[in-house]
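What follows is a single structure, written as structure tokens, with notes after it.
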Amino acid sequence: MSKPKPVLEYDKVSKYFNNVPAVDGLALSVAAGEIVGLIGPNGSGKTTTIKMACGLYRPDAGAVRVAGLDVVKDPTGAKRRLAYVPDEPVAYDRLTGREFLQFVGELFGLDRGYRESRIDALLDAYGLRGMAEGLYGTFSRGTKQKISMCAGLLHEPDILLIDEPMVGLDPQSIQTTISLLEEYIKRGGAAFISTHTLPVAERLCGRFVMLARGRVAAAGTLAEMRAEAGLPRGSLEDCYLSLAGKL
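Next comes the structure, spelled out in structure tokens:
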């Protein structure tokens, strides 16, 4: 049986700030139907890695490809195949939540009828249909995060890039987010998630990539991370702490 084709590829990618490597020779991929968790200490290069995939940072060496499209050579084509949910949700404060989602749907060329039905379904999942009629700038941090997740899932991207998906969410909203992501993956999507919330990552992700100083320090399934850490029954957090202590 052939391996699923990668929808996100980092091909020996490096990024420097003031001649200091934030990401150094990174090589990894994410295939359709899987969620990969990007973990590591502060300053390890996680956010830089995510931002290079969505075109906010330009690699200094190597190539990042989304659905086979180089994000530098074909930025518009690559961006049409992805969605990005940042760690700090941002939208136009003077738009309502629904108007913002309609705007996103129009950017991706969604048919009006389909767009509205998708928006209603996503808002209903979070119990936000009424609240979404308010102005985005008046929303709490958690509500903004939920609207951002709705925007990311709206056009059913090939790959969903998320930086800290659960920050600001209450337990019920975390469960809703997990359910939405699991349904999206079952439909053939893929997700690359940077997070410090390791218990949620352990539940959600099939594979993990641990960065340290911009390089891959450990990678694999939970079983493989346990073997690497020498903790046969350890949680992802146990493995992380053990491996981080050896860096």
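Residue numbers for the sequence shown follow the numbering used here, beginning at 33 and rising by one. A virtual CB, placed ideally from N, CA and C, is assigned to each residue, including glycine.
Review point. Is DSSP giving V39 helix, strand or coil here?
Key: strand
**Study point:** Integer Cβ distance of A164 from R126, believed to fall under 8 angstroms
**Key:** That belief does not hold up - the Cβ atoms of A164 and R126 are roughly 15 angstroms apart, past 8 angstroms.
Check your understanding: Under 8 angstroms, do I191 and R247 count as touching if we go by C-beta distance?
Key -> no
Practice item. Mind reading off the beta-carbon distance from S226 to L70? Whole number of angstroms is fine, and I expect it under 8 angstroms. Key: 4 angstroms
Point to revise | First and last residue of the uninterrupted beta strand (DSSP E) at G109 | key: G109 -> not in any beta strand (DSSP E); alpha helix (DSSP H) instead, spanning P107 to R112.
Check your understanding: Which residue comes first and which comes last in the alpha helix (DSSP H) that contains F135?
Key -> G129 to L139
**Study point:** Cβ-Cβ separation, K178 to Y158 (assumed contact under 8 angstroms), whole Å
**Key:** 5 angstroms
**Study point:** Minimum C-alpha distance to P107 - residue among D119, Y124, A85 and V122
**Key:** A85
Exercise for review: Following the continuous beta strand (DSSP E) through S61, name the residue where it begins and the one where it ends.
Suggested key: V52 to A63
Point to revise | V232: first and last residue of the uninterrupted alpha helix (DSSP H) it sits in | key: L230 to L236
Point to revise | Where Y216 falls: helix, strand or coil (DSSP) | key: helix
Review point. Which stretch, first to last residue, makes up the beta strand (DSSP E) that contains L201?
Key: Unbroken run through L201: none, as it is neither H nor E.
Check your understanding: Between A115, V232 and E120, which lies nearest to G184 when the distance is taken from Cα to Cα?
Key -> A115
Review point. Under the three-state reduction of DSSP, which class applies to R239: helix, strand or coil?
Key: strand
Exercise for review: Could you work out which residue in E215, A250, A276 and L254 is closest to L58 when comparing CA atoms only?
Suggested key: A250
Check your understanding: Leaving out five residues before and five after V103 in sequence, what residues of the same chain have Cβ atoms less than 6 angstroms from its Cβ?
Key -> G87, V96 and A110
Check your understanding: Distance, Cα to Cα, G238 vs G169?
Key -> 36 angstroms
Check your understanding: In chain order, what residues of the same chain lie with their CB nearer than 7 angstroms to the CB of Y124, ignoring the 5 residues before and after it?
Key -> F132 and Y168
Check your understanding: Looking only at DSSP bridge pairs, what is S46 linked to?
Key -> A93
Check your understanding: A99 by DSSP, collapsed to three states: which one?
Key -> coil
Review point. Is DSSP giving Y124 helix, strand or coil here?
Key: coil
Practice item. Would you kindly report the start and end of the unbroken alpha helix (DSSP H) that includes D152? Key: R144 to Y158
Point to revise | For D202, the nearest candidate out of T175, R219, E214 and L186 (CA to CA) | key: T175
Review point. Roughly how many angstroms separate the alpha carbons of L193 and V241, rounded to a whole number?
Key: 14 angstroms
Point to revise | Beta-carbon proximity list for I217, same chain, < 8 angstroms, skipping 5 on both sides | key: G65, E66, I67 and A223
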